[in-house]
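Novice: Under the UniProt record's numbering, think of the first position of the sequence shown as 1, with each following residue one higher.
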Amino acid sequence: MLPDFSYSPPPGDPVILFEDARIIVVDKPSGLLSVPGKLEGREDCLMTRLELFRPGALLVHRLDCDTSGVMIFARDKAAQGFLGQEFEKRRARKSYIARVAGLMAEDRGTVDLPLCADWEYRPRQKVDHERGRPAVTDWEVVSRSNGETRVRMFPHTGRSHQLRVHMRELGHAILGDPIYAEGSARDYPRLMLHAETLALHHPETKAWVEFSAACPF
Numbered sequence: 001m002l003p004d005f006s007y008s009p010p011p012g013d014p015v016i017l018f019e020d021a022r023i024i025v026v027d028k029p030s031g032l033l034s035v036p037g038k039l040e041g042r043e044d045c046l047m048t049r050l051e052l053f054r055p056g057a058l059l060v061h062r063l064d065c066d067t068s069g070v071m072i073f074a075r076d077k078a079a080q081g082f083l084g085q086e087f088e089k090r091r092a093r094k095s096y097i098a099r100v101a102g103l104m105a106e107d108r109g110t111v112d113l114p115l116c117a118d119w120e121y122r123p124r125q126k127v128d129h130e131r132g133r134p135a136v137t138d139w140e141v142v143s144r145s146n147g148e149t150r151v152r153m154f155p156h157t158g159r160s161h162q163l164r165v166h167m168r169e170l171g172h173a174i175l176g177d178p179i180y181a182e183g184s185a186r187d188y189p190r191l192m193l194h195a196e197t198l199a200l201h202h203p204e205t206k207a208w209v210e211f212s213a214a215c216p217f
């Protein structure tokens, strides 16, 4: 089992990107849990902070603690169920920006590697072709400089740590990743992974809507 991490969430009120009668879209900061942690001292999270400003907001999906970017919440049970189906049926479309170690040779590609929990080294995930669940990520290079690559990723599935493991498997771990990066690639102030856009159908109008949060790195 990996050493437990020290939880020191950043201060600040939730940054609301959009809201109406059915949904609330928030820009989650890196270092803040999406929901309360299981261990003592991890009650502070985006969910509890949002509750102070928008009581009754309902969780639809999560981002890793170290990942920043777009998260959507529902304002009623019907909206929560509708949005949940957008994710479960893979109708929702997401894009992420990351800075990864090394210069990627190709300009774009797809990673199709099944993932499952690595129970001996929790919360690490691993590639397992026998027991893993399907996990697919499209990616494209945005730029290359100073021994690193900025890449945009489009996950087709939403497995835990999917983007982090897939980039590591390509030999280009995401910079600042305390679990999968090694050596100097870990020495960054945060995980260089940001949920840039989220697009799905609106629970009220059924129109296709897209939300974005500016990348902070």
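A virtual CB, placed ideally from N, CA and C, is assigned to each residue, including glycine.
(1) Judging by CA-CA distance, which residue of Tyr-188, Tyr-96, His-166 is the nearest neighbour of Gly-176?
(2) Per DSSP, what are the beta-bridge partners of Ala-195 in this structure?
(3) In terms of DSSP beta bridges, what is Arg-164 paired with?
(4) If you run the structure through DSSP and keep just helix, strand and coil, what is Ala-185?
(5) Going by beta-carbon coordinates alone, are Gly-158 and Phe-87 separated by less than 8 Å?
(6) Identify every residue that forms a DSSP beta bridge with Ser-145.
(7) Opposite Ser-212 in the DSSP bridges: which residues?
(8) Under 8 Å, with one C-beta from each stretch per pair, do the stretch 92 to 102 and the stretch 147 to 165 reach the 3-pair mark?
(9) Pick from Ala-135, Leu-200, Ala-21: whose alpha carbon is nearest that of His-161?
(10) Specify whether the stretch 179 to 186 and the stretch 205 to 213 touch according to this definition: at least 3 beta carbon pairs, one from each stretch, less than 8 Å apart.
(11) Report yes if the CB atom of Leu-17 is closer than 8 Å to the CB atom of Val-60, and no otherwise.
(12) What are the start and end residues of the beta strand (DSSP E) that includes Arg-108?
(13) Considering only C-alpha positions, which residue in the set Leu-170, Pro-55, Phe-82 is nearest to Arg-108?
(14) What three-state label does DSSP hand Lys-89 in the structure shown?
Specialist: Looking at the coordinates:
(1) Translated into positions along the sequence shown, residue 176 becomes position 176. Per the Cα distances, Tyr-188.
(2) Here residue 195 refers to the residue found at position 195 when the sequence shown is read from its first residue. Paired residues: Gly-69, Tyr-96.
(3) Translated into positions along the sequence shown, residue 164 becomes position 164. Per DSSP, none; premise fails for Arg-164.
(4) Start at 1 with the first residue of the sequence shown, and residue 185 comes out as number 185. Reduced to three states, the DSSP call for Ala-185 is helix.
(5) As a working mapping, residue 158 is identified with position 158 in the sequence shown. As a working mapping, residue 87 is identified with position 87 in the sequence shown. Yes; because the gap between Cβ atoms is below 8 Å, this pair is in contact.
(6) Taking the first residue of the sequence shown as position 1, residue 145 is located at position 145. Ser-145 pairs with Glu-148.
(7) Position 212 of the sequence shown, counted from the first residue, corresponds to residue 212. According to DSSP, which records beta bridges pairwise, Ser-212 is partnered with Thr-197.
(8) yes
(9) Residue 161 sits at position 161 when you count from the first residue of the sequence shown. Selected option, being the one with the closest Cα: Ala-135.
(10) no
(11) As a working mapping, residue 17 is identified with position 17 in the sequence shown. As a working mapping, residue 60 is identified with position 60 in the sequence shown. Not in contact: Leu-17 and Val-60 (Cβ atoms no closer than 8 Å).
(12) Along the sequence shown, one-based indexing puts residue 108 at 108. First-last of the beta strand (DSSP E) with Arg-108: 108 to 112.
(13) The count along the sequence shown starts at 1 and reaches residue 108 at position 108. Arg-108 has its Cα closest to that of Leu-170, out of Leu-170, Pro-55, Phe-82.
(14) Mapped onto the sequence shown, residue 89 falls at position 89. The answer is coil: DSSP assigns Lys-89 none of H, G, I, E or B.
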